[in-house]
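Q: Structure below; questions to follow.
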Amino acid sequence: MPTVLPRTFYDRDPALVAREMLGMLLLVDDADGTVHRARIVETEAYLGPHDPACHAVVGRTRRTEHLHGPPGRAYVYRIYGMHWCLNAVTLPDGVGSAVLIRAVEPIGILDALWRRRPAARRERDLSNGPGKLCAAYDITGAHDGTSLQRGPIRIARGTVITAANIAVSPRIGITRAADWPLRFFERGNPFVSATPGHFAVTPYTP
DNA sequence: CATTTGATGTTCT
DNA sequence: GAACATCAAATGC
Numbered sequence: 017m018p019t020v021l022p023r024t025f026y027d028r029d030p031a032l033v034a035r036e037m038l039g040m041l042l043l044v045d046d047a048d049g050t051v052h053r054a055r056i057v058e059t060e061a062y063l064g065p066h067d068p069a070c071h072a073v074v075g076r077t078r079r080t081e082h083l084h085g086p087p088g089r090a091y092v093y094r095i096y097g098m099h100w101c102l103n104a105v106t107l108p109d110g111v112g113s114a115v116l117i118r119a120v121e122p123i124g125i126l127d128a129l130w131r132r133r134p135a136a137r138r139e140r141d142l143s144n145g146p147g148k149l150c151a152a153y154d155i156t157g158a159h160d161g162t163s164l165q166r167g168p169i170r171i172a173r174g175t176v177i178t179a180a181n182i183a184v185s186p187r188i189g190i191t192r193a194a195d196w197p198l199r200f201f202e203r204g205n206p207f208v209s210a211t212p213g214h215f216a217v218t219p220y221t222p
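Numbering-wise, this note's numbering puts 173 at position 157 of the first sequence, and it's gapless, one number per residue.
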């Protein structure tokens, strides 16, 4: 099982990275010593200070410190006072841009995930949303700024998802730049979060 | 099945 | 004080 962060992360357009991250593996160390594995099936790109929906628009603040840091690290922030969201930083130090990991498909034993997601009724509800997957894998602000190559959360090569199996839509839950097609997901995968009915969904064209 | 609404508290103005 | 890269429960078909 590869544990090296793919080269694709370094200094690359977050929209390309977001697409290439589909099918990659998310490896998370559990406090009990086990390692959880999951396939990334949904991502969103946040392009940088010129992207009105990106947290970098307000400049470097304490919250966005690691968003503005070097690529290949995690940017984890709290949202709505209750949930955490996990991002992978992609562009060079000083440029705040990242890919939000919105949904994963768990691999292997799910006991720990069910324990941390008591509200989940179906298997897909364990991790079909950015806040849900952070709860399921116990990803918190403690992971903010950690290396995605050598830290407690790692991203590694998995199975490549071909363009024909990828769809694109606007990003979910934002109000600015609400029509930019920067959400990428694996077609038909039940672990992908719900797409609002009025969203334009298009095939992925490289 | 889809859509709406209330909870929650940090961040930035 | 407003906005917020969300979630779960409740409601409408």
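A virtual CB, placed ideally from N, CA and C, is assigned to each residue, including glycine.
Since the structure is predicted, the reported quantities are computational estimates derived from the model, not experimental observations.
Hey, quick one: how far does the beta strand (DSSP E) through D45 stretch, first residue to last?
A: On the first sequence, position 29 is the one that residue 45 refers to. Segment 41 to 45, the beta strand (DSSP E) holding D45.
Q: Thinking C-beta only, is R55 closer than 8 Å to I117?
A: The count along the first sequence starts at 1 and reaches residue 117 at position 101. The count along the first sequence starts at 1 and reaches residue 55 at position 39. No; because the gap between Cβ atoms is not below 8 Å, this pair is not in contact.
Q: So G161 and R78 are supposed to be a Cβ contact under 8 Å. How far apart are they, rounded?
A: To locate residue 161, count along the first sequence from 1; it is residue 145. To locate residue 78, count along the first sequence from 1; it is residue 62. That pair is no contact at about 12 Å.
Q: Given this structure, state the Cα-to-Cα distance separating P146 from C101, to the nearest angstrom.
A: Counting from one through the first sequence, the residue named residue 146 turns up at place 130. Counting from one through the first sequence, the residue named residue 101 turns up at place 85. Rounded to whole angstroms, P146 to C101 spans 5 Å at the Cα level.
Q: Count the other CB atoms, across all protein chains shown, that sit within 10 Å of the CB of A135; report buried if there are 16 or more and exposed otherwise.
A: Translated into the one-based positions of the first sequence, residue 135 becomes position 119. The residue is exposed, with fewer than 16 neighbouring Cβ atoms inside 10 Å.
Q: What whole-angstrom Cβ distance do A69 and A193 have, given they're in contact under 8 Å?
A: Here residue 69 corresponds to residue number 53 of the first sequence, with the count starting at 1. Here residue 193 corresponds to residue number 177 of the first sequence, with the count starting at 1. Confirmed, Cβ separation roughly 5 Å.
Q: Nearest-angstrom Cα distance between L149 and T191?
A: Here residue 149 corresponds to residue number 133 of the first sequence, with the count starting at 1. Here residue 191 corresponds to residue number 175 of the first sequence, with the count starting at 1. Roughly 23 Å between the two C-alpha positions.
Q: Go ahead and label M98 buried or exposed: buried means 16 or more other beta carbons lie within 10 angstroms of its beta carbon, across all protein chains shown.
A: Reading the first sequence from its first residue, position 82 is the one you call residue 98. Exposed, since its Cβ has fewer than 16 Cβ neighbours within 10 Å.
Q: What does the alpha-carbon distance come out to for the pair A34 and L198?
A: For the purposes of this step, residue 34 is taken as the residue at position 18 of the first sequence. For the purposes of this step, residue 198 is taken as the residue at position 182 of the first sequence. It is roughly 8 Å from the alpha-carbon of A34 to the alpha-carbon of L198.
Q: Based on DSSP bridge pairs, tell me the residues matched to C101.
A: By one-based count along the first sequence, residue 101 stands at place 85. According to DSSP, which records beta bridges pairwise, C101 is partnered with Y93.
Q: Given a cut-off of 8 Å on the beta-carbon distance, is the pair F201 and S143 in contact?
A: In the first sequence, counting from the first residue as 1, residue 201 sits at position 185. In the first sequence, counting from the first residue as 1, residue 143 sits at position 127. Contact: no.
Q: In this structure, does DSSP put E81 in helix, strand or coil?
A: Here the question's residue 81 lines up with position 65 in the first sequence. E81 falls in the coil class under three-state DSSP.
Q: Quick check on the burial criterion: 16 or more other C-beta atoms within 10 angstroms. Buried or exposed for P186?
A: Your numbering for residue 186 matches position 170 in the first sequence. Its Cβ being crowded by 16 or more others within 10 Å, P186 is buried.
Q: In or out: A104 buried (at least 16 other Cβ within 10 Å) or exposed?
A: Reading the first sequence from its first residue, position 88 is the one you call residue 104. Buried is the call here.
Q: Measure the C-alpha to C-alpha separation of D45 and G174 and round it to an integer number of angstroms.
A: Indexing the first sequence from 1 puts residue 45 at position 29. Indexing the first sequence from 1 puts residue 174 at position 158. Taking the straight line from one Cα to the other gives about 18 Å.
Q: Taking the continuous alpha helix (DSSP H) assigned at R118, which residues delimit it?
A: Residue numbering aside, residue 118 sits at position 102 when the first sequence is read from its first letter. Secondary structure note for R118: it is in no alpha helix (DSSP H), and the uninterrupted beta strand (DSSP E) holding it is 114 to 123.
Q: What number of angstroms, rounded off, separates the C-alpha of I188 from the C-alpha of F215?
A: Numbered from its first residue, the first sequence carries residue 188 at position 172. Numbered from its first residue, the first sequence carries residue 215 at position 199. Computed Cα separation, rounded: 9 Å.
Q: Assuming E121 contacts V217 (C-beta within less than 8 Å), just tell me the rounded distance between them.
A: Residue numbering aside, residue 121 sits at position 105 when the first sequence is read from its first letter. Residue numbering aside, residue 217 sits at position 201 when the first sequence is read from its first letter. Wrong, their Cβ atoms sit about 19 Å apart, outside the cutoff.
Q: Rounded to whole angstroms, what's the CA-CA distance from Y153 to H66? Just pull it up for me.
A: Walking along the first sequence from the start, residue 153 turns up at place 137. Walking along the first sequence from the start, residue 66 turns up at place 50. C-alpha separation (whole angstroms): 32 Å.
Q: Three-state secondary structure (DSSP) at A34?
A: Translated into the one-based positions of the first sequence, residue 34 becomes position 18. Residue state for A34 is assigned as helix, using DSSP reduced to three classes.
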